[in-house]
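Colleague: Chains A and B, in that order, are what the protein sequence lines are.
For what it's worth, our numbering labels the leading residue of the first sequence as -12, then goes sequentially.
For what it's worth, our numbering labels the leading residue of the second sequence as -12, then goes sequentially.
Pasting in a structure now, in structure tokens, and then I'll have a few things to ask.
Number of protein chains: 2
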Amino acid sequence: MSAPSRKTDVFQAIADPTRRQLLSMLGEREMPVTVISGHFPMSRTAVSKHLRILADAGLVKERKIGRETRYRLEPEPLLELKRWLAYYERYWDNKLLALQRFVEGDETDGTITLVAPEENSTRTTE
Amino acid sequence: MSAPSRKTDVFQAIADPTRRQLLSMLGEREMPVTVISGHFPMSRTAVSKHLRILADAGLVKERKIGRETRYRLEPEPLLELKRWLAYYERYWDNKLLALQRFVEGDETDGTITLVAPEENSTRTTE
DNA sequence: TTGACACGAAACCTTTTGGTTTCATATAAT
DNA sequence: ATTATATGAAACCAAAAGGTTTCGTGTCAA
């Protein structure tokens, strides 16, 4: 059970450039919101909302220290991305693609059936 | 130049579950729009728009055959994702994280400075 | 105990997204 | 020629995303 019913999809979470920047920033060290938001051209509240989305995806963890809340990277959910990507690795040596395109040369149904992960097994949004 | 100024961001392109499904479907074989859209609970036009977004991200290639347009997977842009992800691999053996958290034990500025890729080098949206 | 600070929640606004239906055009089939 | 098929473009719409400002609450400092 590597995807423990997270509220937000990892793919969705990393789609936003600001959030990717947040991740790389929090990978370096744990940081409180005000400090983090100092690095962005938007309001603290906006950054806070991005952090919430990342937290909902399990990509960051929060920890309260006195009056401040510190966030840090939680890389684990990225494994889902890694697994997804791993499926496509097989296309990177173009042999398989070359074969397929050869087969596709004629109109018939190709009969090759390999099933990709995701969308059938990784239904987190439900 | 692995990111030849694509119109759409790869991260953005794969954020949508329908589009991920499209990719896995087109990885198997080249297919015309009507056939593809038969597998989805939405209109052909909607699927067509998703295909356009994928094409703008370089993730699919189109090829006209008579009156039909066939689409197929173009995996290359996924390498950007792979590179991005590779950066975070270093966190998966938790040694680095453990070290950081140890350092973070006190309040001082940590001095550890490793720069993540993305957001500085990979500015496609501009 | 009075301020100042750190933060999230709420209400609100604008732009983007994901979808629809309708229409135009190119190609194939009769 | 005429009709049917395959597809994209356009106009439109509702909901989601990404922001903002304002307000309330908890915590630290004087």
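Glycine residues also receive a C-beta, built at the ideal position from the N, C-alpha and C atoms.
So with CB distances below 7 Å, who are the chain A contacts of Ile1 (chain B)?
Modeller: Start at 1 with the first residue of the second sequence, and residue 1 (chain B) comes out as number 14. Within 7 Å Cβ-Cβ: Phe(-2).
Colleague: Under a three-way DSSP split, which group does Tyr58 (chain B) fall into?
Modeller: Reading the second sequence from its first residue, position 71 is the one you call residue 58 (chain B). In the structure shown, Tyr58 (chain B) sits in a strand (DSSP, three-state: E or B).
Colleague: Closest to Arg7 (chain B) by CA distance: which of A:Ser11, A:Glu17, A:Leu13, A:Asp(-4) is it?
Modeller: Locating residue 7 (chain B) in the second sequence gives position 20, counting from the first residue. Comparing Cα positions, the closest option is A:Asp(-4).
Colleague: If you draw a straight line from the alpha carbon of Ser24 (chain B) to that of Pro4 (chain B), how long is it in whole angstroms?
Modeller: Residue 24 (chain B) sits at position 37 when you count from the first residue of the second sequence. Residue 4 (chain B) sits at position 17 when you count from the first residue of the second sequence. For Ser24 (chain B) and Pro4 (chain B), the distance between alpha carbons rounds to 14 Å.
Colleague: Residues of the stretch 60 to 71 of chain B with a CB closer than 8 Å to any CB of chain A: list them in chain order, please.
Modeller: Leu60, Pro62, Leu65, Leu66, Leu68, Lys69, Trp71
Colleague: Take Glu61 (chain A) and list the residues in its own chain whose beta-carbon comes closer than 8 Å to its own, dropping the five residues that flank it on each side.
Modeller: Position 74 of the first sequence holds residue 61 (chain A). Hits under 8 Å: Gly45, Leu46, Val47, Lys48.
Colleague: Does Met18 (chain A) come out as helix, strand or coil in the three-state DSSP assignment?
Modeller: The count along the first sequence starts at 1 and reaches residue 18 (chain A) at position 31. When secondary structure is reduced to three states using DSSP, Met18 (chain A) falls in the strand class.
Colleague: Grouping DSSP H, G and I as helix and E and B as strand, with all else coil, what is Ile114 (chain B)?
Modeller: In the structure as shown, chain B begins at -12 and stops at 113. Residue 114 (chain B) is therefore absent and cannot be evaluated.
Colleague: Going straight from the alpha carbon of Arg57 (chain A) to that of Tyr58 (chain B), what length do you get?
Modeller: As a first step, residue 57 (chain A) must be located in the first sequence, where it is residue number 70. As a first step, residue 58 (chain B) must be located in the second sequence, where it is residue number 71. Roughly 46 Å between the two C-alpha positions.
Colleague: With DSSP run on the structure shown, which of helix, strand or coil describes Arg6 (chain A)?
Modeller: As a position in the first sequence, residue 6 (chain A) is number 19, starting the count at 1. Correct three-state label for Arg6 (chain A): helix.
Colleague: Run through chain B and tell me which residues come within less than 8 Å of Gly78 (chain A), C-beta to C-beta.
Modeller: Here residue 78 (chain A) corresponds to residue number 91 of the first sequence, with the count starting at 1. The sequence given here places Tyr at residue 78 (chain A); Gly does not occur at that position. Near Tyr78 (chain A) (Cβ distances below 8 Å), the residues of chain B are Gly14, Leu60, Pro62.
Colleague: Just checking, does the stretch 24 to 37 of chain B make contact with the stretch 30 to 45 of chain A on the three C-beta pairs under 8 Å criterion?
Modeller: no
Colleague: Quickly, what does DSSP pair Val34 (chain B) with across the bridge? List them, please.
Modeller: Counting from 1 along the second sequence, the entry for residue 34 (chain B) is found at position 47. Answer is none; Val34 (chain B) lacks a bridge partner.
Colleague: State the Cα-Cα distance for the pair Arg(-7) (chain B) and Arg50 (chain A), rounded to the nearest angstrom.
Modeller: Start at 1 with the first residue of the second sequence, and residue -7 (chain B) comes out as number 6. Start at 1 with the first residue of the first sequence, and residue 50 (chain A) comes out as number 63. Taking the straight line joining both Cα atoms gives about 39 Å.
Colleague: Rounding to the nearest angstrom, what Cα-Cα distance links Leu41 (chain B) and Glu15 (chain A) in this structure?
Modeller: In the second sequence, counting from the first residue as 1, residue 41 (chain B) sits at position 54. In the first sequence, counting from the first residue as 1, residue 15 (chain A) sits at position 28. Cα to Cα, the separation comes out at about 32 Å.
Colleague: What residue range is occupied by the uninterrupted alpha helix (DSSP H) comprising Arg70 (chain B)?
Modeller: Taking the first residue of the second sequence as 1, we reach residue 70 (chain B) at position 83. Start and end: 65 to 76.
Colleague: Would Ser11 (chain B) be called buried (16 or more neighbouring beta carbons within 10 Å of its own) or exposed?
Modeller: Here the question's residue 11 (chain B) lines up with position 24 in the second sequence. Ser11 (chain B) should be labelled buried.
Colleague: To which residues does DSSP link Val47 (chain B) through a beta bridge?
Modeller: Here residue 47 (chain B) refers to the residue found at position 60 of the second sequence. DSSP output for Val47 (chain B) lists B:Leu60 as bridge partner(s).
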